């Protein structure tokens, strides 16, 4: 993917240190200092033009957000989009958003273990050729890196339009023994999920009627414990309801 950027784009990015980060290494383990608070940090890997991460930051002021991409032009477009979204509410600078130019291959150089609460993988490059499988962002080698960086409430939320990538990803998550929930093979089958923020690609695919595949991987110990407790509680409730229904049938038969 090659993007032709505007002349002087690097200078433009360097002039936005409050929003744009061109070198993450000095901030490894210090992202809370960058944001000036202890709010949870959510990261989108491969943010594209930034629609998703900008809207997420606007909708959820109790979280901090970092959008990561490796192209200057996409960082520029994302910065414009973020400012436009926030300016509508009278805020000039997004207070809980950073746009990071970086290669995801080296994500362990950007964050300390346990520094992130959630990772979003939205419509990542499927790298369809088998010889390129290791480049897929849901390859086990990447998943193991993510698991190290996520904290006790860590989760991965993954969306794609590629059925082959989704199948590959299901096997990858299973290979590293991650717990999955909310698996969908057609996310917007019954109409747009207005509770979710759409990416640019997602909006195009929805207009064409293409299915969107989605899942959530539960990783952190605290959120895993809650997930298992909820499953156990739901199972007990279902058993109680089934027993009550059976008792009612017996009484009716008498």
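Numbering (the working numbering), first residue to last: 1 to 254. Here a beta-carbon is modelled for each residue, glycine too, at the ideal position from N, C-alpha and C. Computed from a predicted structure; not experimentally measured.
Problem set entry | Rounded C-alpha distance that separates residue 84 from residue 230 | Within the chain shown, residue 84 is the residue found at index 84, counting from 1. Within the chain shown, residue 230 is the residue found at index 230, counting from 1. About 40 Å.
Problem set entry | Between the CA atoms of residue 201 and residue 1 - distance to the nearest angstrom | Here residue 1 refers to the residue found at position 1 when the chain shown is read from its first residue. Here residue 201 refers to the residue found at position 201 when the chain shown is read from its first residue. Residue confidence is low: residue 1 scores 47 on pLDDT, short of 50, so the model does not pin down where it sits. Its coordinate-derived value is still stated next. Near 15 Å, if we compare the C-alpha coordinates of residue 201 and residue 1.
For this session: Using alpha carbons as the reference points, say which of 40, 193, 215, 127 lies closest to residue 97.
Result: As a first step, residue 97 is located in the chain shown; it is residue number 97 there, counting from the start. Measuring from the Cα of residue 97, the nearest candidate turns out to be 40.
Exercise. Per the contact definition of three or more C-beta pairs closer than 8 Å, is the segment 62-69 in contact with the segment 141-151?
Worked result: no
Exercise. Helix, strand or coil: which one does DSSP assign to residue 69?
Worked result: Position 69 of the chain shown holds residue 69. DSSP places residue 69 in strand when its eight states are reduced to three.
Problem set entry | Uninterrupted alpha helix (DSSP H) stretches inside the segment 164-226 (no shorter than 4 residues) | 200-208
Exercise. Could you give the residue range of the alpha helix (DSSP H) that holds residue 55?
Worked result: Position 55 of the chain shown, counting from 1, holds the residue named residue 55. Residues 51-59.
Exercise. Straight-line CA distance for residue 24 to residue 35?
Worked result: As a first step, residue 24 must be located in the chain shown, where it is residue number 24. As a first step, residue 35 must be located in the chain shown, where it is residue number 35. If you take the alpha carbons of residue 24 and residue 35, they lie about 14 Å apart.
Problem set entry | Cβ pair count under 8 Å reaching 3, the segment 159-175 against the segment 8-16 | no
Exercise. What whole-angstrom Cβ distance do residue 147 and residue 219 have, given they're in contact under 8 Å?
Worked result: The residue labelled residue 147 in the question sits at position 147 within the chain shown. The residue labelled residue 219 in the question sits at position 219 within the chain shown. Indeed, because the Cβ distance is near 5 Å, the residues count as touching under 8 Å.
For this session: Check the DSSP bridge columns for residue 150 and list the partner residues they point to.
Result: Counting from one through the chain shown, the residue named residue 150 turns up at place 150. Answer by DSSP bridge pairing, in chain order: 116.
Exercise. Taking the alpha-carbon positions, what's the residue 244 to residue 181 distance?
Worked result: The residue you call residue 244 lines up with position 244 of the chain shown. The residue you call residue 181 lines up with position 181 of the chain shown. C-alpha separation (whole angstroms): 28 Å.
Exercise. Does the pairing of the segment 40-54 with the segment 103-117 give three or more beta-carbon distances under 8 Å?
Worked result: yes
Exercise. Should residue 184 and residue 214 be called a contact, given that it needs their Cβ atoms to be closer than 8 Å?
Worked result: Here residue 184 is taken as the residue at index 184 of the chain shown, counted from 1. Here residue 214 is taken as the residue at index 214 of the chain shown, counted from 1. Going by C-beta atoms, residue 184 is nearer than 8 Å to residue 214.
Exercise. So does residue 96 have its beta carbon nearer than 7 Å to some heavy atom of the ligand FAD?
Worked result: For the structure depicted, the ligand FAD is absent and the ligand set is empty, with no information on it obtainable.
Exercise. So, are the CB atoms of residue 186 and residue 159 less than 8 Å apart?
Worked result: As a position in the chain shown, residue 186 is number 186, starting the count at 1. As a position in the chain shown, residue 159 is number 159, starting the count at 1. No, the pair does not count as a contact, with Cβ atoms beyond the cut-off.
For this session: Kindly indicate the opening and closing residues of the beta strand (DSSP E) around residue 32.
Result: Looking up residue 32 in the chain shown gives position 32. Residue 32 -> not in any beta strand (DSSP E); alpha helix (DSSP H) instead, spanning 31-35.
For this session: Locate the beta strand (DSSP E) running through residue 101, then write down its first and last residues.
Result: The residue you call residue 101 lines up with position 101 of the chain shown. Per DSSP, residue 101 belongs to the beta strand (DSSP E) from 97-101.
Exercise. What is the rounded straight-line gap between the Cα of residue 223 and the Cα of residue 217?
Worked result: Translated into positions along the chain shown, residue 223 becomes position 223. Translated into positions along the chain shown, residue 217 becomes position 217. C-alpha separation (whole angstroms): 10 Å.
For this session: Please classify residue 62: is it buried, with 16 or more other beta-carbons within 10 angstroms of its beta-carbon, or exposed?
Result: What you label residue 62 is simply residue 62 of the chain shown in a count that begins at 1. Residue 62 should be labelled exposed.
Exercise. Taking the C-alpha atoms as reference points, what is the distance between residue 86 and residue 79?
Worked result: By one-based count along the chain shown, residue 86 stands at place 86. By one-based count along the chain shown, residue 79 stands at place 79. Cα to Cα, the separation comes out at about 11 Å.
Problem set entry | Helix, strand or coil at residue 232 [DSSP, three-state] | For the purposes of this step, residue 232 is identified with residue 232 of the chain shown, where counting begins at 1. In the structure shown, residue 232 sits in a helix (DSSP, three-state: H, G or I).
Exercise. Which same chain residues, not among the five before or five after residue 207, have their C-beta less than 6 Å away from its C-beta?
Worked result: Within the chain shown, numbered from 1, the residue matching residue 207 stands at position 207. There are no such residues.
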